[in-house]
Every structure is written in structure tokens, then in C-alpha cells.
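Novice: Let me begin by handing over the structure; questions about it come next.
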Ligand SMILES: Nc1ncnc2c1ncn2[C@@H]1O[C@H](COP(=O)(O)OP(=O)(O)OP(=O)(O)O)[C@@H](O)[C@H]1O
Ligand SMILES: [Mg+2]
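In our numbering, the protein residues as written are 11 to 261.
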């Protein structure tokens, strides 16, 4: 069963076409990594999936349900909010709320829709469990400024998981971290991949992408220039532009 089908997504900014017709799909439990040069449109694509940007044309379906198609004219704010629930987002900058503890950050959004004390207790227990999974059992009551960048990013991952998204999306989750903190974040993402969490990871960590991904997309200038398993795209790229990108990367 396809969990995600993206078809011919285009997006312009200031009359410049940034996404020039992006199509791909994903199976449940897959990890897909998106690599490519700066400015190739990777973040814009993730933002379109999450409706932080509205695509100019194309369709996006999750579990067979059409979330977006261009002729839909104007999406209502309530529809957009509902559609967003399919995607969890983890950004480069962790974007935690500084005035809330790690646990509060994780459970805040779920608590908003809770209707009873029991439900809140369940949400809290689930939040604690997620933080334990992220190796943060002794950090639940700390505020973001009391945590390292790697710990904050793991809180952000727990927060995204708390909303039980169909697809967890990462935009360069380690690029704001010192090298020694990168490993601890990559480790939890790898663990999620082992547990068959459906994920899209935009990353410059090519070695990591090779290790965890079922599929790699190489984006170049707003198009998917090459797509396939890591053994092809990273180890034996067919496309000249992929080869060039990887050569520059390895220099
Ligand atoms: N809101 C916007 N308004 C105008 N131009 C934009 C906007 N968002 C992105 N762009 C432009 O779209 C292009 C692609 O940007 P995007 O952030 O998607 O690239 P990227 O592949 O994520 O790059 P990086 O690897 O540096 O993060 C860039 O030229 C950028 O300047
Ligand atoms: Mg980007």
C-alpha cells in the first residue's frame, strides 16, 4: 500500500520555478532520503508536503486520500490543519518552546485536543515513553536552555512522534549540531528506521543516508534528477549531475 503519492508538484516564487514537477511515492515503513545541492528545492518540497507552502499545481495523497490538488482553489484553514497531521516535521533549528519543559514540549499539542483527565494522563505517559526512547528519561523536566543541541533535537523528534504522524519528515536534522552531537541524533533516527517508521529525511549526511535509506532522491534545480536505492544513487549513480554532486561532496 502506498502511504504517500506525490504527483507533478510545482512551485514558483517571484516568477521563478523552484519545483518543476516533482513526482514520487512511498511504501509504508520506508525511509526516503533527499539529497542535493543548496537551493535545489529540498526544503520547499518538504514545506509543500506539510502545507507550509501551497503548491501551484500537482496532487498529494496519503493512504489513498487526496489531500491536495491544484484545482481545489483555496484550501480552508481547517483543512490545512487536518492535512498537516499526516506529516510530522523536525527542522534544523529545533524550535522548542523555551518556556516549557522537555515533557511539556512533547505533550502540549496532543493535550489541546484532550477531553478528560484520563486522556491527559495517557498523553503524558506516552510523552514520557517517547522521551525514554530518545534516551532522555532523566531530562524530562529540563527546559530547552538546560539541554544540549543534540538533546533538544531528540525532544523535537519525540514531539513530532507524539502526534502519531503517518510520515515523519526531517529537514537537515543535524546541520545545526556540533559533530560530536550529530551521532546521538543520527542514532535515534536509525533506530526509528529499524522500527519501520515511515520517514523522509533531507540531509547532507551522505554516509548516513546510504546506511538508513531504502530509497534516495537526488534533487537538482527543482527536479528529481535521479532516484533509486542507495546502492545505485550513491554508489553507482547513473546521472551525470548526481556524479558531479557526489564528487564535489567527497572532495
Ligand atoms: N519563500 C520564498 N520566497 C522566495 N524564494 C524562495 C522562498 N523559499 C525558497 N526560495 C528559493 O527557492 C530556492 C530553493 O530553496 P530551498 O530552501 O528549497 O533549497 P534547499 O534545497 O533546501 O537548499 P539548502 O540545501 O541550502 O537548504 C532557493 O533559490 C530559495 O532562495
Ligand atoms: Mg533546505
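The beta carbon of each residue, even a glycine, is placed where N, CA and C say it ideally should be.
(1) Which first and last residues belong to the beta strand (DSSP E) in which residue 34 is found?
(2) Let me know if residue 11 comes out buried or exposed under the rule of 16 or more other beta-carbons within 10 Å of its beta-carbon.
(3) Would you mind reading off the limits of the alpha helix (DSSP H) that contains residue 89?
(4) Going by beta-carbon coordinates alone, are residue 251 and residue 224 separated by less than 7 Å?
(5) Can you tell me whether residue 22 is helix, strand or coil according to DSSP?
(6) Could you please go through the chain and list the residues whose beta-carbon is closer than 5 Å to any non-hydrogen atom of ligand 3?
(7) Alpha carbon to alpha carbon, what distance is there between residue 25 and residue 178?
(8) Within this structure, are the beta carbons of residue 228 and residue 45 separated by less than 7 Å?
(9) How about the segment 94 to 113 and the segment 143 to 162: do they share at least three Cβ pairs that are nearer than 8 Å?
(10) Spatial neighbours of residue 95 within its chain, please: C-beta separation below 8 Å, excluding the five flanking residues on both sides.
(11) On a Cα-Cα basis, can you pick out the residue from 260, 254 and 233 that is closest to residue 31?
(12) Give every residue of the same chain whose Cβ lies closer than 6 Å to the Cβ of residue 253, excluding the five residues on either side of it in the sequence, and list them in chain order.
(13) Using a threshold of 7 Å, state whether the C-beta atoms of residue 146 and residue 169 are closer than that.
(14) Here's the rule: buried if 16 or more other CB atoms are within 10 angstroms of the residue's CB, otherwise exposed. What is residue 181?
(15) Looking at residue 54 and residue 70, is the spacing between their C-beta atoms short of 7 Å?
(16) For residue 40, count neighbouring C-beta atoms within 10 Å of its own C-beta (all shown protein chains included) and say buried if the count is 16 or more, exposed if not.
(17) Would you call residue 23 buried or exposed, if buried means 16 or more other Cβ atoms sit within 10 Å of its Cβ?
(18) In whole angstroms, what separates the C-alpha of residue 216 from that of residue 66?
(19) For the beta strand (DSSP E) that contains residue 4, what are its first and last residues?
(20) Is the distance from the Cβ of residue 210 to the Cβ of residue 77 below 7 Å?
Specialist: With the given structure in hand:
(1) Taken as a continuous stretch (DSSP letters only), the beta strand (DSSP E) holding residue 34 covers 26 to 37.
(2) Around the beta carbon of residue 11, fewer than 16 other beta carbons sit within 10 angstroms, so the residue counts as exposed.
(3) Run containing residue 89: 87 to 94, per the alpha helix (DSSP H) assignment.
(4) Their beta carbons are not under 7 Å apart, which means residue 251 does not touch residue 224 by this criterion.
(5) In this structure, residue 22 counts as strand in the three-state DSSP scheme.
(6) Looking for ligand 3 in the displayed structure turns up nothing; the ligands present are ligand 1 and ligand 2.
(7) Distance between the alpha carbons of residue 178 and residue 25 is about 31 Å.
(8) The Cβ atoms of residue 228 and residue 45 sit closer than 7 Å to each other.
(9) Three or more beta-carbon pairs separated by less than 8 Å link the segment 94 to 113 to the segment 143 to 162, which places the two stretches in contact.
(10) Around residue 95: 173 and 175.
(11) Of the candidates 260, 254 and 233, the one whose C-alpha sits nearest the C-alpha of residue 31 is 233.
(12) Setting aside the 5 residues that flank it on each side, residue 253 is surrounded in the same chain by 247, each with a C-beta closer than 6 Å to its C-beta; the list follows chain order.
(13) 7 Å or more divides the Cβ of residue 146 from the Cβ of residue 169.
(14) When all chains shown are included, residue 181 counts as buried.
(15) No, they are not a contact pair.
(16) Buried, because 16 or more other Cβ atoms sit within 10 Å of the Cβ of residue 40.
(17) Taking a 10 Å sphere around the C-beta of residue 23, we find fewer than 16 other C-beta atoms and assign the residue as exposed.
(18) Their Cα atoms are separated by approximately 30 Å.
(19) Shown here, the chain extends from 11 to 261; a query on residue 4 therefore has no answer.
(20) No, they are not a contact pair.
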